[in-house]
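*Asks:*
Residue numbers (this note's numbering), protein chains in the order written: chain H, 2 to 277; chain S, 8 to 711.
(1) Any contact between the region 22 to 42 of chain S and the region 236 to 256 of chain H? By contact I mean 3 or more CB pairs, one from each, below 8 angstroms.
(2) Evaluate contact between the region 231 to 248 of chain S and the region 178 to 196 of chain S, counting only Cβ atoms and requiring at least three cross-stretch pairs below 8 angstroms.
(3) Checking 7 angstroms against the spacing of the C-beta atoms, do residue 502 of chain S and residue 558 of chain S come in under that value?
(4) Are residue 111 of chain S and residue 63 of chain S closer than 7 angstroms when you measure CB to CB?
(5) Figure out for me which residue from S:297, S:435 and S:604 has the closest Cα to the Cα of residue 323 of chain S.
(6) I'd like to know if the region 215 to 222 of chain S and the region 246 to 264 of chain S are in contact, where contact means that at least 3 CB-CB pairs between them fall below 8 angstroms.
(7) Going along the chain, which residues of its own chain have a beta-carbon closer than 8 angstroms to the beta-carbon of residue 61 of chain S, five neighbours each way excluded?
(8) With distances taken Cα to Cα, identify the nearest neighbour of residue 623 of chain S among S:615, S:237 and S:684.
(9) Which bits of chain H does residue 181 of chain S rub up against, with CB to CB less than 7 angstroms?
(10) Mark residue 190 of chain S as exposed unless 16 or more other C-beta atoms lie within 10 angstroms of its C-beta, in which case mark it buried.
(11) When you compare the CB positions of residue 612 of chain S and residue 590 of chain S, do they come within less than 7 angstroms of one another, or not?
(12) Looking at chain S, is there any beta carbon in it that lies within less than 7 angstroms of the beta carbon of residue 182 of chain H?
(13) Return helix, strand or coil for residue 541 of chain S, following the three-state DSSP convention.
(14) From S:359, S:677, S:78 and S:406, pick the residue whose C-alpha is nearest to that of residue 396 of chain S; which is it?
(15) Measuring only the C-alpha atoms, how far is residue 130 of chain H from residue 51 of chain H?
(16) Which value, in whole angstroms, describes the spacing of the CA atoms of residue 445 of chain S and residue 451 of chain S?
(17) Between the alpha carbons of residue 448 of chain S and residue 226 of chain S, how many angstroms are there, rounded?
(18) Among H:21, H:4, H:192 and H:178, which one has its Cα closest to the Cα of residue 144 of chain H?
(19) So, at 6 angstroms on beta carbons, what are the nonlocal neighbours of residue 592 of chain S in its own chain, with the 5 sequence-adjacent residues on each side left out?
(20) Once you ignore the five residues that flank residue 106 of chain S on each side, which residues in its own chain have a CB closer than 6 angstroms to its CB?
(21) Starting from residue 376 of chain S and walking both ways along the alpha helix (DSSP H), at which residues does that stretch end?
(22) Does any CB atom of chain H fall closer than 7 angstroms to the CB of residue 13 of chain S?
(23) For chain S, check one thing: does any of its Cβ atoms lie closer than 7 angstroms to the Cβ of residue 255 of chain H?
(24) Kindly list, in the order they appear in chain S, the residues whose Cβ is closer than 8 angstroms to that of residue 173 of chain H.
(25) If we call anything under 7 angstroms between Cβ atoms a contact, is residue 563 of chain S one with residue 293 of chain S?
(26) I'd like to check one pair, residue 691 of chain S with residue 664 of chain S: are the Cβ atoms closer than 7 angstroms?
(27) Quick check: what's the CA-CA separation for residue 130 of chain S versus residue 179 of chain S?
(28) What are the partner residues of residue 678 of chain S, as DSSP defines its beta bridges?
(29) Using a Cβ-Cβ cut-off of less than 8 angstroms, list which residues of the region 437 to 462 of chain S approach chain H; keep chain order.
(30) DSSP three-state call for residue 282 of chain S: helix, strand or coil?
(31) Per DSSP, what kind of secondary structure is residue 478 of chain S in: helix, strand or coil?
(32) Taking any Cβ of chain H, which residues in the region 116 to 133 of chain S have a Cβ under 7 angstroms from it, in chain order?
(33) Applying the criterion that 16 or more other CB atoms from any shown protein chain within 10 Å of the CB defines a buried residue, is residue 288 of chain H buried or exposed?
(34) Only counting the same chain, and skipping five residues up and downstream in sequence, which positions put a Cβ closer than 7 angstroms to that of residue 419 of chain S?
(35) What does residue 179 of chain H touch in chain S if you count any residue whose Cβ is under 8 angstroms from its own?
(36) Any C-beta of chain S sitting closer than 7 angstroms to the C-beta of residue 186 of chain H?
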C-alpha cells in the first residue's frame with residue numbers, strides 16, 4: 002500500500018459527495034490541510050450519476066455491503082499506540098433494502114447515453130442559495146453539472162410526459178384538460194402573487210398563515226386541484242421523496258410554506274444560467 | 008421592451024443628450040446642404056449614413072439615400088450594366104439600415120428603406136431571414152419585423168403552410184404574442200381564399216384553431232392576445248348573408264292615406280293610417296346588417312301611380328362606406344282615385360344581385376313585400392285654426408295598453424310577417440361550433456373572473472342569437488338575453504374605464520329583448536290621453552323610459568311607432584332612430600345628450616312634431632369629446648348653404664348656434680321642450696322661433 006505524504010492532516014473527510022466536497026474545499030480555502038477519502042471506486046458518493054450498466058453493478062455491490070459485516074479488527078501497532086487512538090469508520094449502506102430486477106438481459110440501445118442518479122433526482126435549482134455557496138467555495142471546479150433540458154413524469158399507464166411546469170409548458174401540454182390547465186396556471190399565479198404581496202409588505206398575503214403551516218397536500222386539496230395536478234406539483238416539481246397522501250409511511254410531510262418556497266425557487270430558476 | 012417603466016434621466020444623462028442633440032443639429036444642417044445641392048459623392052453618403060445611424064427616424068435622410076441609389080442606377084444603365092457594383096451599392100444600403108435598426112429596431116423609415124432595397128431584386132433573401140430571426144428573438148412581438156417577414160416570405164415564395172408552422176412555434180414559445188396570432192389570421196385568410204370553396208376544409212381548420220387558442224385562453228385568461236384571435240375566429244364562423252328583416256309599410260298591410268288628419272272613424276279598422284300634407288309616404292327597408300347597393304335596379308316597385316325608375320333610395324345613417332341598415336324612399340299618392348278599390352303595391356328586394364353587406368357578402372334571397380293603399384276620395388281641410396293640445400309626458404297621462412282592444416288585432420300580424428320565401432339557413436356547423444365555444448367559456452368563467460372572457464361569452468351568445476334568427480322559428484332554440492345582460496352588467500362594474508361601450512352593448516341587447524315578440528312589446532305599450540274617455544284622438548305610445556339605455560339600435564320591429572318615450576335613460580346618441588319614419592312625438596328628456604349635433608338623426612324624421620329634449624347636457628361641456636361620433640357640417644359633406652344674413656337682422660349671432668341651426672332648420676316642430684340644458688338662452692329661443700314658425704308650444708308655454 003502506498004503511503005500518503007504528508008501523513009498529518011487537519012481534517013479527514015470521508016466521501017466525495019456534495020456536502021463533503023464543500024466542507025473539504027472550504028477548509029482548504031481556510032488554509033487547512035484536508036485528506037478526502039472515498040471507499041467507492043467512483044467520485045460523488047450519494048451524488049454520483051452512473052450510466053445504466055455501471056448503475057446496476059454499483060447496486061449489486063451495495064447489495065453485498067448491506068449485509069451486516071463485522072468490524073474489521075484494527076491492527077495494533079506498538080510504537081504509536083500511546084499517542085493515537087484508532088477510530089473505526091462506520092459507513093451506513095446507501096440503500097436500506099435493495100431488490101434488483103432485470104427485465105432485459107440485453108443492454109438497451111444508447112444505454113451509455115443515460116445516466117442515473119444513485120439516490121433519485123439530485124437537482125440543484127439555479128436560484129438556490131447553495132449555488133452561491135458553490136461559487137464562493139470554488140468547488141465548482143471539481144464538479145460537473147448538467148443542465149435540466151426537460152423533466153418528464155410517468156402517468157398511470159407508464160407513459161412519460163413533459164411536466165407542465167411553466168406557462169408555455171401548460172399551454173403545450175396535451176394530457177391536461179382545459180380546466181386543469183386553468184387551475185394549474187391559477188395556482189402558479191397565486192403562489193407568485195403571494196410572494197409579490199409579501200415582498201411589498203402590504204400585510205395582505207394571499208395565502209393565510211394557517212394554510213402555510215398546514216400540509217401542502219391538504220392545501221392543494223383545499224384549492225380543489227385534481228389528483229393529477231397534485232401529483233404534478235408534489236412529485237414532479239417540488240420532488241417530494243415520500244408519499245404525501247399516506248401519512249403513516251410518509252417520513253417527511255411537506256408544509257405549504259416549504260412547498261410554495263420550493264415552487265418559487267423552481268420558477269425563478271427556469272431559464273437562468275450559471276457561469277460555471 | 009415590454010413592461011419596462013420609464014426612468015427620469017439623471018443630470019449626466021440630460022447633459023449627454025443635450026450634447027448629442029447639438030451634434031445632431033450640426034450633422035443635419037450638413038446633410039440638408041448636400042441634399043439640396045444633389046451631391047451624391049461617397050463622402051456625402053457617409054454623412055447621411057452617420058445621421059441615420061444616430062437618428063433612424065430621419066425620413067428625408069432615407070429619401071436622400073433612395074435618390075442617391077437611383078442616381079447611381081440611372082448612370083449605370085447609360086453605359087453597360089455592372090451587376091457587381093450595383094450589388095455593392097445595395098449592400099451598402101442594407102448595412103446602413105442594419106446599423107440604424109440596431110439603434111432603433113422600431114424605425115418605420117429604416118424598415119421601409121430595407122423593403123425598397125430588397126424590391127430592387129439584387130439582394131439575397133436568405134440573409135434577411137437570418138436577420139429577422141435575430142430581431143424576433145430580441146422582441147418576438149415586434150410588428151415591424153413581422154411585417155417585413157411577410158414581405159420577405161412573399162418574395163421568397165415560402166408557402167403559407169410553412170409560415171403557419173413558424174407562427175405555431177413562436178406561439179408555443181410564448182403565446183402572449185399579438186403579432187404571431189395576427190400573422191396566423193392573415194395566413195389562414197390566404198389559405199381559405201386559395202382553397203376556395205372547400206367548406207369542410209375551412210370548417211375543420213377553424214375547429215382546430217378554436218381548440219388551439221382555447222389552450223392559451225384557459226392557461227392564462229388574463230392575457231388578451233389570444234382573445235383577439237378568438238374574436239377573429241368567431242367572425243369567420245358567423246359569416247352570414249344579409250337578410251331583409253322588416254319593412255314599413257309591413258307585408259300584408261292595408262294603409263289608409265290622407266293629406267290631412269281627417270280620419271274617418273274606427274270602422275276602417277284594421278287599417279293603419281298615414282297622413283301627409285305633401286301627399287307622399289315612406290317605404291323603409293330594414294336589413295340585418297349594413298348593406299350597400301339598394302337602388303332602383305336591385306329593388307323594384309310595382310305601383311300603378313309610380314314609375315320604378317324615378318325611385319331614389321337613401322341610406323339612413325350610412326357609415327363612411329355608404330352602407331346602412333335602413334334604406335328609405337318616398338312614393339307619391341294620387342290626388343284623385345277613380346275607384347274605391349285598394350291600390351296594390353309590391354316591393355321586390357334583390358330581384359337582381361347587387362345588394363352587398365359591409366363584409367362583402369351578397370344578398371341572395373329574393374324577398375318581396377305586398378301591401379295595399381286606401382285613399383279617401385274627399386280629403387277635407389280640417390286642422391287649420393284648431394287649437395292643438397299640448398302633449399304632456401306625465402305618468403298619469405298614460406295607462407297600460409289593454410290587450411284585446413281594437414289595435415291589438417292590427418299589431419299582431421305586423422310582427423309575425425314573413426317576407427322571405429324560405430329563409431337562408433345558418434349552417435349546422437356554425438351553430439354547433441358556437442354552442443361548443445359557449446359551453447367551454449361558461450365553464451372557464453365559472454371559476455375565473457375574467458373581463459375579456461365575459462365579453463367574449465357575451466359576444467358568443469349574441470352570435471348565437473343571430474344564428475338562431477336565421478333558423479326556422481319552430482326550432483325552439485332560446486336566446487339567453489338575461490345572461491348577456493348580466494355579463495354586460497358585470498363588465499360595467501369590473502371595468503369602469505370602458506363603461507360607455509358596455510352600456511351601449513347592453514342597450515342594444517335590451518332593445519333586442521324588448522322587441523323580441525309582440526307580447527314583450529305590448530308590455531311597454533301605453534295609451535295616451537284620459538283614461539275616462541278613450542277617444543279616437545288617443546295616441547299609443549311605446550314607453551322605453553327608465554331602462555338605462557345609452558343608445559338606439561335593433562329597431563326593426565318598431566318601424567310603425569309614432570309616439571316614443573325614451574326619457575330618463577342615459578342616451579348619448581340617437582343614431583338608429585331615423586329608421587322610425589312615422590315618429591311624430593319623441594321624448595328624450597332627462598338623458599345625456601351633449602350637443603345639438605347628436606340630434607342629427609332627427610333631421611330625417613319628416614313626421615316629427617313634438618320633441619322633448621329638456622334636462623339633457625347640451626352645452627354643459629365646453630369640450631364635447633363625443634362630438635366626433637355625430638355627423639356634422641364640420642366632419643361630413645353635409646350641404647353647406649349657410650344663410651347668415653337673414654338672421655343678422657333678428658339679432659342672432661349664428662356663429663354661436665350653428666349646430667342648433669343645422670338641426671332645427673330641417674324640423675317643423677309644433678311642440679318643443681328644451682329647458683334644463685346649459686345652452687338655453689334668449690338668443691337661442693329667438694333662433695328656434697325663426698327656424699320653426701310652426702312652433703306652438705315652447706317649454707310648456709303656448710305661443711299660438
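Where a beta carbon is used, it is the ideal one built from N, C-alpha and C, also for glycine.
*Replies:* Based on what the coordinates show:
(1) no
(2) yes
(3) no
(4) Yes, Cβ-Cβ distance for residue 111 of chain S and residue 63 of chain S is below 7 angstroms.
(5) Per the C-alpha coordinates, the member of S:297, S:435 and S:604 positioned closest to residue 323 of chain S is S:297.
(6) With the cut-off at 8 angstroms, the region 215 to 222 of chain S and the region 246 to 264 of chain S do not touch.
(7) 27, 30, 31, 34 and 110
(8) The residue with the shortest Cα to Cα distance from residue 623 of chain S is S:684.
(9) 169
(10) buried
(11) yes
(12) Yes, residue 182 of chain H lies at the interface with chain S (some Cβ there is under 7 angstroms from its Cβ).
(13) Its pLDDT being 48, under 50, residue 541 of chain S is placed unreliably in this model, and the value from its coordinates should be taken loosely. Residue 541 of chain S falls in the coil class under three-state DSSP.
(14) S:677
(15) 26 angstroms
(16) 10 angstroms
(17) Going by the C-alpha atoms only, they are around 13 angstroms apart.
(18) That would be H:21, whose Cα lies nearest to the Cα of residue 144 of chain H.
(19) 398, 570 and 617
(20) 60
(21) Residue 376 of chain S -> not in any alpha helix (DSSP H); beta strand (DSSP E) instead, spanning 374 to 381.
(22) no
(23) With a threshold of 7 angstroms between beta carbons, residue 255 of chain H makes no contact with chain S.
(24) 179 and 222
(25) yes
(26) yes
(27) 32 angstroms
(28) Partner(s): S:617 and S:704.
(29) 447, 450, 451, 454 and 455
(30) strand
(31) coil
(32) So the list is empty, because no residue satisfies the distance condition.
(33) Nothing about residue 288 of chain H can be read from this structure; chain H reaches only from 2 to 277.
(34) Unreliable placement is indicated for residue 419 of chain S, whose pLDDT of 48 sits below 50; no coordinate value is reported for it.
(35) 221, 222, 225, 447, 450 and 451
(36) yes
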